[in-house]
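For the sequence shown, position 499 matches number 1423 in my numbering, and the numbering has no gaps at all.
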Amino acid sequence: MGKESKSRGFFGWFLVLVILALVVGAVVYIIKKKLDHGNDNKPTPVPGPPGAIDHKYAYALEIAMQFFDVQKSGRLVDNKISWRGDSALKDGSEANLDLSKGMYDAGDHVKFGFPMAFTATVLSWAILEYRDQMEAVNQLEPAQQSLKWITDFLLNAHPSPNVLYIQVGDPVTDHKCWDRPEDMTEKRPLTQVNASVPGTEVAAETAAAMASASLVFKTADSTYSSTLLTHAKQLFTFADNNRGSYSEKIPEVATYYNSTGYGDELLWAASWLYHATADQSYLEYVTGENGKEFAQWGSPTWFSWDNKLAGAQVLLSRLSFFGASGNSVIENYRKSAEDVMCGLLPQSPTATSSRTESGLIWVSEWNSLQHPVASAFLAALYGDYMLTTQTAKLTCGDHSFEPSDLRKFAKLQADYVLGSNPLKMSFLVGYGDKYPQYVHHRGASIPVNATTGCTDGFQWLNSAKPNPNVAVGALVGGPFLNETFVDSRNNTMQTEPTTYNSAVIVGLLSSLVTTSSAVKSFG
């Protein structure tokens, strides 16, 4: 009986202690929640100089940067790609111009000025925003060299204020051949826009490329920078004063790079010119009647080689974060940029449903990776603007998000590209153990020692063997909505890489290689 009494007493005290512990735990939890709630609007600490390197993204950036070398036209200097050589050395000769430089846009050998200029603009933007990060992993110089290879071409393609050569080569003739660029023999005619045959979007995009690049080279080569800026101003004036879509004026270009409008390029170019010059007339351009006509505030769009609105909105939001706050129209651009971000964040009440089951943004069967990578790049930028200015929250309906949520989204898209997907395959050629082997790319598909003419090279297009040359750094088109991928050279929509895809993946990876505060000024 005494033992039972002691047992009951011990059990009673034990029960009291358990209840007391639960009560104390509950009190601590409630206090913590209140404190957390009180800290909701307190900013995250601003990161300082580049922090620890994330070697996964650093290595991926090193790989991605090399595709620009794969795509170079002209007399190659310090050629790093063993299976590439000089090509298209006579491009532009019919107009007494040297248009040998520049880059082939994809797996064929036409040089299309519209997407090439966009490639330069985005690459410039990446360098301007993430110069420190690139330098920390030894990728700043390669990025600048690749950019200059394009801008050298663009400068030569603009021989007078109202003339811009926008294409080298005839796509119809070019696509009848499957040969290495070094072995091309077909004629390569030139296409231009001018006052009689305007092309506002391509002229404005080229102005954006030159204006942004002028900032990249401003310190290292002030003369070159000034030359770029002079051409940028001339091209913007030409584009604005001679309005007309190049897709309408030169219908044959619509088959390959059809433009859906030029208003976005005008705002994009004016935005870059304002950053490059601080000339108020460019700010007035985007905040005045042209902004009202073209900005489409409150209607989120996808950032791409064809539509620059989302990019312009994020770029102009810099002025709200770092400078011209209080300008109600600039705040409209920032609000529109926030609408884009809210559409990207998966937990947002306005989140887009355009995603695969694994969370990849998915908009188009053709070149499906362009939109998720470009979107992730913008999200990384916007999150860094918030972080640097200690802007604690992004409000989406009745939800709020932090800069870390935008970075998490950006990483999700990047990681999918690098192999965290149902196929366990990297879509970045040369990265990881498993990546596409049948990339739709002429030079990569033909052995270096093969002798082929225009048409007998098609045996390599149809070959069952993997490409003999690795198109290192190529970001291929990407998966279908059901997350399948057919690795075949004839599957152009999924296996063809592009230089403009490379520009956005370089920007995205540069944002992820290390933490750092955003630059407050490009000047």
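Heads up, the beta-carbon is just placed ideally off N, CA and C, and yes, glycines get one too.
Measure from the alpha carbon of residue i to the alpha carbon of each residue in the options, then state which is nearest.
i: VAL1117; options: ALA1219, VAL970, SER1169; result: SER1169
i: VAL1430; options: SER1369, ARG1055, SER1183, ALA1374; result: ARG1055
i: PRO1066; options: LEU1385, ASP1263, ILE1051, ASP1076; result: ILE1051
i: ARG999; options: MET1027, THR1045, ALA984, GLN990; result: MET1027
i: VAL970; options: ALA988, THR1315, SER1434; result: THR1315
i: LYS1173; options: SER1292, PRO1371, TRP1196, VAL1126; result: VAL1126
i: THR1143; options: GLN1068, VAL1061, ALA1334, GLU1281; result: GLN1068
i: TYR1495; options: LEU1207, THR1184, GLU1255, PRO1403; result: The chain is shown only over 925 to 1447; residue 1495 falls outside these bounds and no answer can be derived.
i: SER1195; options: ASN1165, SER1228, PHE1162, LYS1157; result: LYS1157
i: ASN1086; options: VAL1121, THR1045, ILE1005, SER1440; result: VAL1121
i: GLY1401; options: GLY1354, SER1387, ARG1331, TRP1290; result: TRP1290
i: LYS1004; options: LEU1318, ASP1015, GLU986, THR1097; result: GLU986
i: SER1084; options: LEU1114, VAL1061, THR1147, ALA1119; result: ALA1119
i: VAL1177; options: ASN1251, GLY1037, ASN1062; result: GLY1037
i: TYR1180; options: THR1124, THR1147, PRO1039; result: PRO1039
i: PHE991; options: ASP1022, GLY1031, ASP978; result: GLY1031
i: SER1171; options: THR1115, GLU1407, PHE1141, LYS1332; result: THR1115
i: SER1252; options: GLU1217, ALA1388, VAL1210, THR1097; result: VAL1210
i: GLY1247; options: LYS1332, PHE1227, VAL1001, LEU1207; result: LEU1207
i: ASN870; options: ASN1080, ARG1008, ASP978, ASP993; result: There is simply no residue 870 to check, as the chain begins at 925 and stops at 1447 in what is shown.
i: GLU1407; options: THR1379, CYS1378, GLU1326, GLY1283; result: GLY1283
i: VAL1096; options: GLY1123, THR1161, HIS1033; result: HIS1033
On the CB-based measure, 16 or more other CB atoms within 10 Å of its CB, does residue i come out buried or exposed?
i: SER929; result: With a pLDDT of only 43 at SER929, under the threshold of 50, the placement of this residue in the model should not be trusted; the figure read from the coordinates follows. So SER929 ends up on the exposed side.
i: THR1438; result: buried
i: VAL948; result: Any answer about VAL948 is weak, because its pLDDT of 47 lies below 50 and its placement is not dependable; what the coordinates show is given next. Flag for VAL948 reads exposed.
i: HIS1099; result: exposed
i: GLU1420; result: buried
i: GLU897; result: Because the chain here runs from 925 to 1447, residue 897 falls outside it and cannot be looked at.
i: HIS1082; result: buried
i: LYS1232; result: buried
i: GLN1091; result: buried
i: GLN1383; result: exposed
i: GLU1189; result: buried
i: LYS1035; result: buried
i: ASP1029; result: buried
i: GLN1418; result: buried
i: ASN1345; result: buried
i: VAL1394; result: buried
i: ILE954; result: With a pLDDT of 42 at ILE954, under the threshold of 50, the modelled position of this residue cannot be trusted, and the question is left open.
i: VAL1410; result: exposed
Given residue i, which residues of its chain have a CB within under 6 Å of its CB, disregarding the five upstream and five downstream residues?
i: THR1043; result: THR1423, TYR1424, ALA1427
i: ALA1442; result: ASP1308, TYR1309, THR1312
i: LEU1432; result: VAL1297, ALA1300, PHE1301, ALA1338
i: ARG1258; result: SER1241, SER1244
i: SER1350; result: LEU1342, GLY1343, GLY1356, TYR1359
i: PRO1224; result: ASP1263, VAL1264, GLY1267
i: PRO1392; result: PRO1371
i: SER1138; result: SER1149, LEU1152, LEU1153, ALA1200
Give the C-beta separation of residue i and residue j to the nearest angstrom, bearing in mind that I take them to be a contact with Cβ-Cβ under 8 Å.
i: TYR1362; j: SER1412; result: 5 Å
i: ASP1103; j: THR1376; result: 5 Å
i: TYR1198; j: ALA1261; result: Their Cβ separation, rounded to whole angstroms, is 16 Å, which puts TYR1198 and ALA1261 out of contact at 8 Å.
i: GLY1321; j: THR1274; result: 6 Å
i: GLY1235; j: TRP1286; result: About 20 Å; that fails the 8 Å criterion.
i: LEU1088; j: LEU1159; result: 7 Å
i: ASP1076; j: LYS1111; result: Wrong, their Cβ atoms sit about 23 Å apart, outside the cutoff.
i: ASP1435; j: ALA1368; result: The sequence given here has Ser at residue 1435, not Asp. Going by Cβ atoms, the distance from SER1435 to ALA1368 rounds to 28 Å, so no, they are not a contact pair.
i: SER997; j: SER1017; result: About 14 Å; that fails the 8 Å criterion.
i: SER1183; j: TRP1049; result: Wrong, their Cβ atoms sit about 20 Å apart, outside the cutoff.
i: LEU1352; j: LEU1405; result: Wrong, their Cβ atoms sit about 20 Å apart, outside the cutoff.
i: ALA982; j: VAL1061; result: 4 Å
i: ALA1163; j: ALA1128; result: 4 Å
i: CYS1378; j: THR1124; result: About 35 Å; that fails the 8 Å criterion.
Within its chain, find whatever has a CB closer than 8 Å to the CB of residue i; leave out the 5 residues flanking it on each side and keep chain order.
i: LYS957; result: Because the pLDDT of LYS957 is 43, which lies under 50, any placement of that residue in the model is unreliable, and the question is left without a value.
i: HIS1323; result: GLN1271, SER1272, PRO1273
i: LYS1014; result: SER1024, ARG1112
i: GLY972; result: SER1440, SER1441
Can you list, in chain order, the residues of its chain whose CB lies under 7 Å from that of residue i, leaving out five sequence neighbours each side?
i: VAL1238; result: ALA1261, LEU1302, LEU1305, TYR1306
i: MET1058; result: ILE1051, LEU1064, ALA1067, SER1434
i: GLY1447; result: none
i: THR1416; result: HIS1364
i: SER1228; result: GLN1294, HIS1295, ALA1298
i: GLU1255; result: SER1244
Cβ-heavy atom distance between residue i and the ligand GDP below 6 Å?
i: ARG1279; result: In the structure shown, the ligand GDP is absent, as is every other ligand, since no ligand is present at all.
query = Which runs of the alpha helix (DSSP H) spanning at least 4 residues fall entirely within the stretch 1030–1117, listed in chain order?
reply = You should have 1037–1060, 1064–1080, 1095–1098.
ask   = What are the complete alpha helix (DSSP H) segments, minimum 4 residues, inside the stretch 1351–1379?
value = 1366–1369
message = Which runs of the alpha helix (DSSP H) at least 4 residues long sit entirely within the stretch 1379–1432? Give them in chain order.
response = Uninterrupted alpha helix (DSSP H) stretches at least 4 residues long and entirely within the stretch 1379–1432 occur at 1382–1385, 1416–1419, given in chain order.
task = Could you tell me which uninterrupted alpha helix (DSSP H) segments, each at least 4 residues in length, are contained entirely in the stretch 1190–1277, listed from first to last along the chain?
result = 1204–1211, 1213–1218, 1233–1246, 1252–1268
key: beta strand (DSSP E) runs contained entirely in the stretch 960–1013, provided each spans 3 or more residues   = none
Sequence ranges, alpha helix (DSSP H) only - wholly within the stretch 1123–1191, length at least 4 = 1124–1140, 1146–1165, 1170–1173, 1178–1181
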